[in-house]
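Listed in order, the protein sequences are those of chains A and G.
If you read the first sequence in our numbering, its first letter stands for residue 1, the second for the next number, and so on.
If you read the second sequence in our numbering, its first letter stands for residue 321, the second for the next number, and so on.
Below: the structure, in structure tokens.
Number of protein chains: 2
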Amino acid sequence: MNNKIIKVLSPATVANVACGFDVLGFALNDINDELVMRIIPKRGVTIINKDDFNLPVEPKQNVIGISLLALLEEIEDEIGFEVKSTKHIRPGSGIGSSAASAAGAVFGANHLLNNRFTNDDLIRFAMQGEELASGAKHADNIAPCIYGGFTLIRSNDPLDIIPIPAPFLYVTIIHPQIEIKTSDARSVLKRQVLLADAVKQWGNVGGLIAGLMKNDYELISRSLVDNIVEPIRSILIPCFDEVKSKSLAAGALGGGISGSGPSMFMISKDQKMALEIEKIAKKVYEKIGLPCHTYVTNLNKRGVQIQEMNELIQNENALL
Amino acid sequence: MNNKIIKVLSPATVANVACGFDVLGFALNDINDELVMRIIPKRGVTIINKDDFNLPVEPKQNVIGISLLALLEEIEDEIGFEVKSTKHIRPGSGIGSSAASAAGAVFGANHLLNNRFTNDDLIRFAMQGEELASGAKHADNIAPCIYGGFTLIRSNDPLDIIPIPAPFLYVTIIHPQIEIKTSDARSVLKRQVLLADAVKQWGNVGGLIAGLMKNDYELISRSLVDNIVEPIRSILIPCFDEVKSKSLAAGALGGGISGSGPSMFMISKDQKMALEIEKIAKKVYEKIGLPCHTYVTNLNKRGVQIQEMNELIQNENALL
């Protein structure tokens with residue numbers, strides 16, 4: 001058992017990414033949850049919330065707790081974890097808030113355990129947290145959160161995560177202040193889809209992967225199309241079509257619903273365009289009087305980051 | 321008008337490629353149709369068959385004719401084409417016989433016209449031929465036939481063809497001697513598919529594109545899975561499951577139905593394995609007494625090839 005204290009910066013993520021429903025995600029810079037973690041000398045997880053979201057601290061009702069308990073089940077050491085969680089990613093915003101908690105916690109724990117687990121193990125543990133949060137064991141936020149960049153979840157079972165090289169991209173996140181539960185967003189989906197629509201969708205997934213790997217912005221743009229999920233889910237997001245069509249007209253490469261919403265993401269080739277899209281979106285929501293948070297950031301290629309705080313242990317209370 | 325005579329070598333192709341139904345195809349070496357072509361001084365197409373397949377020579381009933389008429393509609397010159405066709409790719413075999421005729425003809429015509437059309441124009445013309453042959457304007461044989469290598473048809477309308485870089489791969493083509501009409505193979509498909517199956521399929525399409533572009537043979541292998549079309553269409557092909565499972569057990573990377581069958585393709589990393597798969601398949605069909613043609617070849621990265629025959633004009637009859 002070591003007595004390190006670490007700070008984990010766990011990024012926001014965009015899942016689905018238009019055509020890539022349930023298989024694609026990417027990580028964002030600048031928007032991170034912070035977890036300060038250490039090993040404690042008894043089995044179990046202690047969660048201390050350092051924010052105002054009032055999330056449950058009972059480990060089995062908290063994605064951090066569930067994920068760390070899944071990890072603890074696979075080690076024999078008589079240890080546990082203490083986690084002080086400061087969430088900056090608002091729960092329910094659609095940019096991977098629960099994934100940031102779950103993935104950050106298990107990534108940090110693994111660091112404290114001298115990296116005895118693989119990334120795929122960590123994803124497996126954190127998926128337990130996602131199941132608590134959304135009712136589905138999905139990896140399309142967790143995988144990019146841990147790996148950074150774009151990730152393809154080729155398969156959930158067995159888990160098969162493929163990091164996808166990508167060019168530098170700017171992202172505008174538009175978060176109209178309404179609530180959409182992931183479980184509701186799932187329930188509006190149809191169980192069956194037209195084969196003809198599915199063919200278009202996998203053509204676009206192939207195009208998006210090729211576009212990212214070839215640094216072909218035009219191909220990325222043409223491929224950021226969702227024939228299947230967006231037409232249904234976007235109905236739950238006020239002014240979705242207006243924001244999207246105005247963003248595309250202004251020059252965004254493309255975009256769509258982030259995760260299951262209500263946030264939208266729009267991808268741009270440069271920062272100027274991403275800032276322009278932000279203005280456009282703000283204007284649309286101001287017009288209807290709906291509060292809307294926005295971020296302009298870019299693709300995070302590193303994923304979760306760890307800061308060692310050894311030197312700060314002596315003055316822990318002051319800092320944490 | 322020029323008086324060149326050219327010989328066109330137009331390769332066989334594998335369409336669909338497991339998960340890539342209607343969007344992926346690749347070209348094969350060693351198996352080519354031959355077309356000897358020249359410009360003639362009157363509108364129209366003259367087709368002379370130099371093989372025993374007895375295909376119709378009336379241009380509107382022949383994929384070569386239909387495709388060249390589509391091309392002629394977009395030029396004003398008072399010219400036409402004479403085509404002497406020697407097919408080595410058996411019609412109905414499932415390795416792009418009609419596409420080789422259609423794509424070869426328009427590619428050759430464009431060469432005779434000093435390349436005034438783009439590849440995408442040529443694909444558009446040749447798709448008219450495919451419509452005659454199969455009832456569907458699909459490009460997943462034509463595109464790899466013209467471009468070579470692997471091609472992704474991101475979209476049919478508007479046409480969007482993406483060449484996909486790929487490592488060197490060996491291919492075993494297994495052609496049990498039964499007949500499956502493309503139109504029948506289409507009619508057994510269901511109009512709707514489960515969203516859950518479609519998600520698996522586009523995960524695999526993404527994985528296959530990434531695997532090809534990363535030269536990751538293991539990822540290619542894991543991605544060569546078809547949850548949607550193969551389970552239905554393979555019922556039309558005797559011993560499909562046995563040949564496939566034995567090939568995979570022996571070490572093939574993967575495979576499936578070539579186009580709409582009855583040919584199967586199996587992909588291997590080296591020639592030895594591809595030859596081993598050929599033996600396995602032959603043995604399976606010998607056991608049930610069904611004749612079976614096989615080929616062992618590799619990925620054709622060049623597509624249609626042209627040989628100029630200027631020097632041979634004086635002795636044309638002897639040669640053609």
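Note that the Cβ used here is the ideal one computed from N, Cα and C, for glycine as well.
As the structure is a prediction and not an experimental result, all values here were calculated from the model.
For a cutoff of 7 Å on Cβ pairs, would you count residue i as touching chain G?
{"i": "LEU194 of chain A", "result": "yes"}
{"i": "LEU312 of chain A", "result": "Legend: pLDDT at LEU312 of chain A = 49, less than 50; position of this residue unreliable, value from coordinates given subsequently. Not closer than 7 Å to any Cβ of chain G, the Cβ of LEU312 of chain A fails to qualify, so no."}
{"i": "ASN317 of chain A", "result": "Low per-residue confidence applies at ASN317 of chain A: pLDDT is 49, beneath 50, and the placement is therefore not dependable, though the value from the model is reported in the following sentence. Closer than 7 Å: no."}
{"i": "ILE162 of chain A", "result": "yes"}
{"i": "MET213 of chain A", "result": "yes"}
Taking only beta-carbon positions, decide if residue i is within less than 7 Å of chain A.
{"i": "VAL334 of chain G", "result": "no"}
{"i": "ARG363 of chain G", "result": "no"}
{"i": "ILE529 of chain G", "result": "yes"}
{"i": "MET447 of chain G", "result": "no"}
{"i": "LEU573 of chain G", "result": "no"}
{"i": "LEU619 of chain G", "result": "no"}
{"i": "ARG511 of chain G", "result": "yes"}
{"i": "LEU640 of chain G", "result": "Reliability fails at LEU640 of chain G, whose pLDDT of 45 lies under 50, so the model's placement of it is uncertain and the value that follows must be treated cautiously. No, no contact with chain A."}
{"i": "VAL337 of chain G", "result": "no"}
{"i": "VAL624 of chain G", "result": "no"}
Can you pull the chain A residues whose beta carbon is under 8 Å from the beta carbon of residue i, in chain order?
{"i": "GLY581 of chain G", "result": "None at all; the shortest Cβ gap to chain A is about 18 Å."}
Starting from the beta carbon of residue i, find every residue of chain A whose beta carbon is closer than 9 Å, and list them in chain order.
{"i": "GLY576 of chain G", "result": "Near GLY576 of chain G there are no residues of chain A at all, since even the closest Cβ is about 15 Å away, more than 9 Å."}
{"i": "LEU539 of chain G", "result": "ARG154, ASP160 and ILE162"}
From the DSSP output, read off the bridge partner residues of residue i.
{"i": "GLU378 of chain G", "result": "DSSP output for GLU378 of chain G lists no bridge partner at all."}
{"i": "TYR490 of chain G", "result": "G:SER588 and G:ASN618"}
{"i": "LEU612 of chain G", "result": "Checking the displayed sequence, the identity of residue 612 of chain G turns out to be Cys instead of Leu. Beta-bridge pairing links CYS612 of chain G to G:PRO496."}
{"i": "ILE367 of chain G", "result": "G:VAL403"}
{"i": "ASN352 of chain G", "result": "G:PRO331"}
{"i": "GLN307 of chain A", "result": "A:LYS7"}
{"i": "GLY25 of chain A", "result": "A:ALA15 and A:THR151"}
{"i": "ASN476 of chain G", "result": "G:LEU479"}
{"i": "ILE40 of chain A", "result": "A:GLY80"}
{"i": "ILE164 of chain A", "result": "A:PHE150"}
Who are the neighbours of residue i on chain A, taking C-beta pairs under 7 Å?
{"i": "ASN524 of chain G", "result": "ARG154"}
{"i": "VAL343 of chain G", "result": "VAL199, TRP202, GLY203 and GLY206"}
What in chain G is Cβ-close to residue i, meaning under 8 Å?
{"i": "ARG222 of chain A", "result": "ARG474, SER475 and ASP480"}
Measure from the C-beta of residue i to each C-beta in chain B and report whether the shortest distance is under 7 Å.
{"i": "ASN49 of chain A", "result": "Of the protein chains in the structure, A and G, none is chain B."}
Three or more beta-carbon pairs under 8 Å between the stretch 228-241 of chain A and the stretch 544-555 of chain G, yes or no? Touching, no.
Would the stretch 409-421 of chain G and the stretch 461-478 of chain G be scored as touching if the rule is three or more Cβ pairs under 8 Å? With a cut-off of 8 Å on Cβ pairs, the stretch 409-421 of chain G is in contact with the stretch 461-478 of chain G, counting three or more such pairs.
Touch check for the stretch 66-75 of chain A and the stretch 121-129 of chain A: three-plus C-beta pairs under 8 Å? Yes: at least three Cβ pairs fall under 8 Å.
Across the stretch 471-480 of chain G and the stretch 338-355 of chain G, are there enough close Cβ pairs to call them in contact, namely three or more that are closer than 8 Å? Yes, since at least three Cβ pairs between the stretch 471-480 of chain G and the stretch 338-355 of chain G fall closer than 8 Å, the two stretches touch.
Within the chosen definition, does the stretch 345-362 of chain G reach the stretch 564-577 of chain G through at least 3 CB pairs nearer than 8 Å? Under the 8 Å Cβ criterion, the stretch 345-362 of chain G does not count as touching the stretch 564-577 of chain G, having fewer than three qualifying pairs.
Considering only residues of the stretch 69-131 of chain A, which uninterrupted alpha helix (DSSP H) runs meet the minimum length of 4 residues and lie entirely inside it, listed in chain order? If one requires a minimum length of 4 residues, the alpha helix (DSSP H) runs lying completely within the stretch 69-131 of chain A are 97-112, in chain order.
Given 8 Å, three or more beta-carbon pairs between the stretch 254-261 of chain A and the stretch 285-302 of chain A: Segments in contact, no.
How do the stretch 344-358 of chain G and the stretch 421-434 of chain G stand: do at least 3 beta-carbon pairs fall below 8 Å, yes or no? Look at the beta carbons and you see the stretch 344-358 of chain G touching the stretch 421-434 of chain G: at least three pairs across the two are nearer than 8 Å.
Would you list, in sequence order, the uninterrupted alpha helix (DSSP H) runs of no fewer than 4 residues that lie entirely inside the stretch 502-577 of chain G? List check, alpha helix (DSSP H) in window: 502-507, 515-534, 537-543, 550-553 and 560-570.
If we count Cβ pairs, one from each stretch, closer than 8 Å, do we get three or more for the stretch 152-171 of chain A versus the stretch 210-229 of chain A? Yes: at least three Cβ pairs fall under 8 Å.
So does the stretch 517-531 of chain G actually touch the stretch 539-549 of chain G, counting three or more Cβ pairs closer than 8 Å? These segments touch.
Hey, is the stretch 5-20 of chain A in contact with the stretch 258-273 of chain A, meaning 3+ C-beta pairs nearer than 8 Å? Because the criterion of three Cβ pairs below 8 Å is met, the stretch 5-20 of chain A and the stretch 258-273 of chain A touch.
With a threshold of 8 Å, are at least 3 pairs of Cβ atoms found where one atom belongs to the stretch 476-484 of chain G and the other to the stretch 388-408 of chain G? No: the two stretches stay apart, fewer than three of their Cβ pairs being nearer than 8 Å.
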